[in-house]
Each structure stands twice: as structure tokens, then as C-alpha cells.
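S.K.:
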Amino acid sequence: MRKQHHLIVRVPIPVDLPPGVLVDALQTHGPLMRHHPLITKFEERSMSNTDMASIRADPFLGSDTDLASFTVYQVYEEVPIVPGLLTTKLDFPAFYQNTDRGIRFRVHTSGGVILWGDIAVVRRDPNVGEGRGGGNLTSAAEPHGDTEWELVEECNVEVSALLLPFVRRSMTRSNENVCRGVIDEVAKTWRASSG
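In numbering that gives the first Met the number 0, the protein residues as written are 0 to 194.
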């Protein structure tokens, strides 16, 4: 039997980092994969007929989705089975679609884990704390100034009921670390280039 888990990760963006700069970096897709602890390599590739059918059949993405708006990567992971002793290697396609506020993604690993969600730069809701929670999703296209912004990942995972406790536990920590890593990388590059 398969189960689903819903996760929202919220990480504040430094006030000196313009939100549009972070959106632009997200839309290159590389920072997200570079900061994922299990990914060892990723390569952009062309979309196959199987990929097209997979996207069209996914209710999250919709059957009327413009296939040309997706970028497909072949992703390679090393997943620990017994930490420090035994790992398994997986490879699978990952689909990314740029949005006004960031990206939308869908991943179906060869290990049977399906992930889909959005990662967006949004105006921070003062009523929601850092970490997990809901909030107002205002476009990052608005001017940068005294307002605070955050990177929000809203993600669903579907996996076998047996694996769900492990995936849920590791997913929260991992996704928060990926979001923080992306923000740190982009902020460091931005500060270096702006003097």
C-alpha cells in the first residue's frame, strides 16, 4: 500500500538578497540538485515519449501543460541502506518547470518514491514561523525593499507505507538543508558580484 506525506519548508531570505536574484538562480535548477545530499550527478537530457506520457498523465502537472516548458534531467543518487556500510545507486528523470515565483518539479525515482511540488520565493507572512506552515504566497516580482522574503517549498511525496516513516524523517531535514544551501550559495555569489 502506498501513502502520501505533505511537507512545507519555509526558510527566510537575507534582507540584502533581492528576491528576483534568487528566483533567477532557482530557474537554472542546478543549485537545488547541487545541495541535495544524495545526488551525485545530474545531466540535462531531451524529453522522451515516455517522459511526455508521464507528464501528461500526472494530475499535478495537468494534461494541458506545455511540454516545451519543462527541462528534464537524468539524476543519479547514492542512497544509504546501512549508513556508512551499504548504499544503493539510483538514477531517474527529474522534471523542472519555471514559474513566476520559482519552479515546479516532479520526480519519480527508480526506488518508487514520487515527489512533486513547488519551490517559490514569496513575501514572508509574519503570522507563520520559520520551518513548516502555511502563508501568503505573494509574487517575488514585486520591488525589493524593507519587506522580508522567504523561500517556500511545498512538496508531496508518495511512497510505500513501509518506507514512509524513514522518508518523512529524512525529508524534512534534507529539504530544509537544501533550501538553506541554495540561499547561502546565491547570497554569497550576489554579495561577491555587487561589491
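By construction, the Cβ of each residue, glycine as well, lies at the ideal position given by its N, Cα and C atoms. Owing to the predicted nature of the structure, the values given are computational and were not obtained by experimental measurement.
So what's Arg122 in DSSP terms, helix, strand or just coil?
M.R.: Three-state DSSP puts Arg122 in a strand.
S.K.: With DSSP as the reference, label Val181 as helix, strand or coil.
M.R.: Reduced to three states, the DSSP call for Val181 is helix.
S.K.: Apart from the five residues on each side of it in sequence, which residues of its chain come closer than 6 Å, Cβ to Cβ, to Tyr75?
M.R.: Same-chain partners within the cutoff: Thr39, Lys40 and Asp90.
S.K.: Among Thr108, Tyr72 and Phe69, which has the Cα closest to the Cα of Thr87?
M.R.: Comparing Cα positions, the closest option is Thr108.
S.K.: Leaving out the 5 sequence neighbours to the left and right, which residues in its chain are closer than 8 Å to Asn174 when beta-carbon positions are compared?
M.R.: Closer than 8 Å at Cβ, skipping near neighbours: Leu6, Val8, Glu152 and Cys154.
S.K.: I need the DSSP call for Gly19, collapsed to helix, strand or coil.
M.R.: In the structure shown, Gly19 sits in a helix (DSSP, three-state: H, G or I).
S.K.: Short check: CB of Trp148 to CB of Phe59, under 8 Å?
M.R.: It is not a contact, given that the beta carbons lie outside the stated cut-off.
S.K.: What did DSSP end up calling Gly29 once you bin it into helix, strand or coil?
M.R.: Correct three-state label for Gly29: helix.
S.K.: For His35, collect the residues of the same chain with a Cβ closer than 6 Å to its Cβ; drop the 5 residues on either side in sequence, then sort them by chain order.
M.R.: These residues qualify, in order along the chain: Val177.
S.K.: Just the C-alpha distance for Gly144 and Val22, rounded to the nearest angstrom, thanks.
M.R.: Confidence in Gly144 is poor, its pLDDT being 49 and thus under 50, which makes the residue's placement unreliable; the coordinate value appears in the next sentence. One C-alpha to the other measures close to 16 Å.
S.K.: Alpha carbon to alpha carbon, what distance is there between Met51 and Ala140?
M.R.: Bear in mind that a pLDDT of 42 at Ala140, under 50, signals an unreliable position, so the model cannot answer this.
S.K.: Could you name the residues that DSSP lists as bridge partners for Glu153?
M.R.: According to DSSP, which records beta bridges pairwise, Glu153 is partnered with Ile7 and Asp117.
S.K.: I need the DSSP call for Pro79, collapsed to helix, strand or coil.
M.R.: It is a strand residue.
S.K.: Val120: which of Met170, Pro17 and Lys187 sits nearest, CA to CA?
M.R.: If we check each option's Cα against that of Val120, Pro17 comes out closest.
S.K.: Checking the sheet assignment: what are the DSSP bridge partners for His107?
M.R.: Paired residue(s): Ile113.
S.K.: From which residue to which residue does the beta strand (DSSP E) around Gly44 run?
M.R.: At residue 44 the sequence reads Arg, which differs from the Gly that was named. Start and end: Ile38 to Arg44.
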